[in-house]
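S.K.: Sharing a structure here in structure tokens format.
There are 2 protein chains.
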Amino acid sequence: MFNRAVSRLKQITEAVRDAGSLGVAELASLTGASEMTIRRDLEVLAAQGVLERFRGGARSLLLRGSEPPFALRSDENTDAKRRIAAAVADMITDGESVVLDSGTTCLEVARLLHDRRLTVMPLSLHAVNAMSSSASLTLLVPGGRPRPGELALTGPLTLASLEALRFDTAIVGCCGLSAGHGLTAFDLEDASVKRAAITSARRVIAAVDASKLTRTALAFVAPVSSLDAVVTDAAGDEELEAAGVTVVTA
Amino acid sequence: MFNRAVSRLKQITEAVRDAGSLGVAELASLTGASEMTIRRDLEVLAAQGVLERFRGGARSLLLRGSEPPFALRSDENTDAKRRIAAAVADMITDGESVVLDSGTTCLEVARLLHDRRLTVMPLSLHAVNAMSSSASLTLLVPGGRPRPGELALTGPLTLASLEALRFDTAIVGCCGLSAGHGLTAFDLEDASVKRAAITSARRVIAAVDASKLTRTALAFVAPVSSLDAVVTDAAGDEELEAAGVTVVTA
DNA sequence: AGTTTCGCACATCACTCATGTTCAATCGCG
DNA sequence: CGCGATTGAACATGAGTGATGTGCGAAACT
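Quick mapping for you: the protein sequence lines, in order, are chains A and B.
For the first sequence, our numbering begins at 1 and goes up steadily by one.
For the second sequence, our numbering begins at 1001 and goes up steadily by one.
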């Protein structure tokens, strides 16, 4: 997918979200693309659950407090994500077993772990795909139902897979993190998967870009006391450090 | 990947298999490609477990009785596979729950089921990827360890996922099928997964191209009596029909 | 130490994929 | 039931990506 295409999808997503619903013609004149292209874009966004098609236009399905779709987040803040991912990868020792959360930051970690000697269970199909060509990794796929777009695995099968295993390290992403509210996620199912991942690991590393440190999402996952380290791109957060968490600045 | 590249990979695979081991220079003159390209090809094939690199060349890892790698099978016999897949897809009713085996024929089925209203658990990541963009399917991913190249999920996590569920229909591929020897597979782990899939389904459909009907592989999966229907591209096999199996010719 | 092999970096080209246009079919509305 | 708008399929085109080749420094084997 080209950059132009992604930014157009973003533009459409936001315009439709703000207006509630919009017509194809309006979106075409807004983006400068042809109506055919808009229709194809709407089809893509509908498949991701971002919006719902109706004849002549589309209506937004994004609730306030929900997350923008994966494809639109994946190339935002790439620098910070990559630096965070590199710092996280450095904290992993060869031979370890690792459970790797879903999300764009963790996907960057997945790419960096590709040629390492590890046992890895990624919680998102994106990460699975990023690592499935590796000969050096022992890749474990958890069961579950992939959420459209995000491709994060959730549900009883995922929880069962996590409960059956014990990992050296869990690498978790999140949608919000603060000393007061702990680790939070937008999606309830996601939250329980994260919780299970944290429970089944000896050491927990949170990979969190700075924008998440001021945010709190709906679903509570775990208190900061259950984290061993937080890797972020901003300067050390005093509140977190006061709560006894090691904060690593990438 | 271009066709030229795939056929070169095939050529290399066969040449190395027949010779046991071959040098980079020899492969370059054989295929007409540059040595750099040969090295890159060998890297790909090594990642798939087809061969093993050593300085100056590569040695084959393919045992007699083992299977050529997935990437090299996926565009062979496409016509037959697609016709078989279409016939199989026609036998599935909307609303059903289906477990879909690994293999190239089943991957074609996966593509055809993309826009249907079904609950599907594919046993290979290739099929998962083919279906993960669908909004109409309820996709279930089994746990497991993906075999390199094939990306078929196997192991205790896969078996546990299958044991936890009951499906209306199992669509299984295989490496060999005959009235006498039943359904057989090259890989032992694969065989136990297939067996579990068959056990957890009420109805079993085997999707088998004609070349498999004369072959028998190492691992026994199940007798033909456990199959409800066999879909193939050759004329009806009398032996199978005599064994009481419905043979559908696509 | 010498030679071969390797793999990185860059240039080039072929191919694919996104986009736009046209048109027949379809849908919804009056 | 008919009309107009909308849709999506088919094809043409262009941009961009991925595969291939070449040169060179580094590494490995002898």
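For every residue, glycine included, the Cβ atom is placed at its ideal position computed from N, Cα and C.
Comparing the C-beta of B/Ser1133 with each C-beta of chain A, is any distance below 9 Å?
M.R.: As a position in the second sequence, residue 1133 of chain B is number 133, starting the count at 1. For B/Ser1133, the closest Cβ of chain A is nearer than 9 Å.
S.K.: Which partner residues does A/Pro122 have in the DSSP bridge list?
M.R.: Mapped onto the first sequence, residue 122 of chain A falls at position 122. DSSP output for A/Pro122 lists A/Leu100 as bridge partner(s).
S.K.: Looking at B/Gly1180 and B/Glu1239, is the spacing between their C-beta atoms short of 9 Å?
M.R.: The sequence position of residue 1239 of chain B within the second sequence is 239, counting from 1. The sequence position of residue 1180 of chain B within the second sequence is 180, counting from 1. Result yes, Cβ atoms of B/Glu1239 and B/Gly1180 sit closer than 9 Å.
S.K.: Looking only at C-alpha atoms, which of B/Pro1156, B/Ile1205, B/Ala1164 and B/Leu1151 sits nearest to B/Leu1177?
M.R.: Looking up residue 1177 of chain B in the second sequence gives position 177. For the residues B/Pro1156, B/Ile1205, B/Ala1164 and B/Leu1151, the minimum Cα distance to B/Leu1177 belongs to B/Ile1205.
S.K.: Can you grab the Cα-Cα spacing for the pair B/Asp1018 / B/Val1024, in whole Å?
M.R.: As a position in the second sequence, residue 1018 of chain B is number 18, starting the count at 1. As a position in the second sequence, residue 1024 of chain B is number 24, starting the count at 1. Going from the Cα of B/Asp1018 to the Cα of B/Val1024 covers about 15 Å.
S.K.: Starting from A/Thr37 and walking both ways along the alpha helix (DSSP H), at which residues does that stretch end?
M.R.: Here residue 37 of chain A corresponds to residue number 37 of the first sequence, with the count starting at 1. That run of the alpha helix (DSSP H) goes Glu35 to Ala47.
S.K.: Tell me, please, whether the CB atom of B/Thr974 is closer than 9 Å to any CB atom in chain A?
M.R.: What the structure shows of chain B is the stretch from 1001 to 1250, and residue 974 of chain B is not part of that stretch, so it cannot be assessed.
S.K.: Would you call B/Ser1161 buried or exposed, if buried means 16 or more other Cβ atoms sit within 10 Å of its Cβ?
M.R.: Taking the first residue of the second sequence as 1, we reach residue 1161 of chain B at position 161. The residue in question, B/Ser1161, is buried, as its Cβ has 16 or more Cβ neighbours within 10 Å.
S.K.: Near B/Thr1119, what residues of its chain come up, given a Cβ to Cβ distance below 6 Å and the 5 sequence neighbours on each side ignored?
M.R.: Taking the first residue of the second sequence as position 1, residue 1119 of chain B is located at position 119. Ser1097 and Thr1138.
S.K.: Using the beta-carbon of each residue, which ones in chain B are nearer than 9 Å to A/Arg145?
M.R.: Working through the first sequence from its first residue, we reach residue 145 of chain A at position 145. In chain order: Thr1138, Leu1139, Leu1140 and Val1141.
S.K.: Assign B/Thr968 to one of three DSSP states: helix, strand, or coil.
M.R.: This structure cannot speak to residue 968 of chain B, because chain B is shown only from 1001 to 1250.
S.K.: Can B/Val1050 and B/Ser1060 be called in contact, C-beta distance under 9 Å?
M.R.: Stepping through the second sequence from its first residue, residue 1050 of chain B is reached at position 50. Stepping through the second sequence from its first residue, residue 1060 of chain B is reached at position 60. In contact: B/Val1050 and B/Ser1060 (Cβ atoms closer than 9 Å).
S.K.: Should B/Met1001 go down as buried or exposed, given a rule of 16 or more other Cβ atoms within 10 Å for buried?
M.R.: Translated into the one-based positions of the second sequence, residue 1001 of chain B becomes position 1. Looking at its Cβ environment, which holds fewer than 16 other Cβ atoms inside 10 Å, B/Met1001 is exposed.
S.K.: Quick check: what's the CA-CA separation for B/Phe1054 versus B/Leu1042?
M.R.: Position 54 of the second sequence, counting from 1, holds the residue named residue 1054 of chain B. Position 42 of the second sequence, counting from 1, holds the residue named residue 1042 of chain B. Roughly 10 Å separates the two Cα atoms.
S.K.: Along chain A, in chain order, which residues have C-beta atoms closer than 7 Å to that of B/Pro1148?
M.R.: As a first step, residue 1148 of chain B is located in the second sequence; it is residue number 148 there, counting from the start. In chain order: Ala135.
S.K.: Count the C-beta pairs between the stretch 128 to 148 of chain A and the stretch 166 to 175 of chain A that are closer than 8 Å, then say yes if the count reaches three, no if not.
M.R.: no
S.K.: Would you kindly work out how many angstroms separate the C-alpha atoms of A/Ala58 and B/Leu1113, rounded to a whole number?
M.R.: Translated into the one-based positions of the first sequence, residue 58 of chain A becomes position 58. Translated into the one-based positions of the second sequence, residue 1113 of chain B becomes position 113. Their Cα atoms are separated by approximately 26 Å.
S.K.: Beta-carbon of B/Leu1157 versus every beta-carbon of chain A: anything under 9 Å?
M.R.: As a working note, residue 1157 of chain B is residue 157 in the second sequence. It does: the Cβ of B/Leu1157 has a partner Cβ on chain A nearer than 9 Å.
S.K.: Using a beta-carbon distance cut-off of less than 9 Å, what residues from the stretch 1057 to 1072 of chain B approach chain A?
M.R.: none
S.K.: Counting only beta-carbon atoms, is B/Ser1161 nearer than 9 Å to chain A?
M.R.: Position 161 of the second sequence, counting from 1, holds the residue named residue 1161 of chain B. It does: the Cβ of B/Ser1161 has a partner Cβ on chain A nearer than 9 Å.
S.K.: On the DSSP letters alone, give me the boundaries of the beta strand (DSSP E) that B/Arg1203 sits inside.
M.R.: The residue given as residue 1203 of chain B occupies position 203 in the second sequence. It spans Ala1201 to Ala1207 - the beta strand (DSSP E) in which B/Arg1203 sits, taken as one unbroken run.
S.K.: Check whether the stretch 1001 to 1013 of chain B and the stretch 241 to 249 of chain A are in contact - that is, three or more C-beta pairs closer than 8 Å.
M.R.: Not touching, per the Cβ criterion.
S.K.: With distances taken Cα to Cα, identify the nearest neighbour of A/Ser134 among B/Glu1150, B/Val1109 and B/Val1099.
M.R.: By one-based count along the first sequence, residue 134 of chain A stands at place 134. With distances taken between Cα atoms, A/Ser134 lies closest to B/Glu1150.
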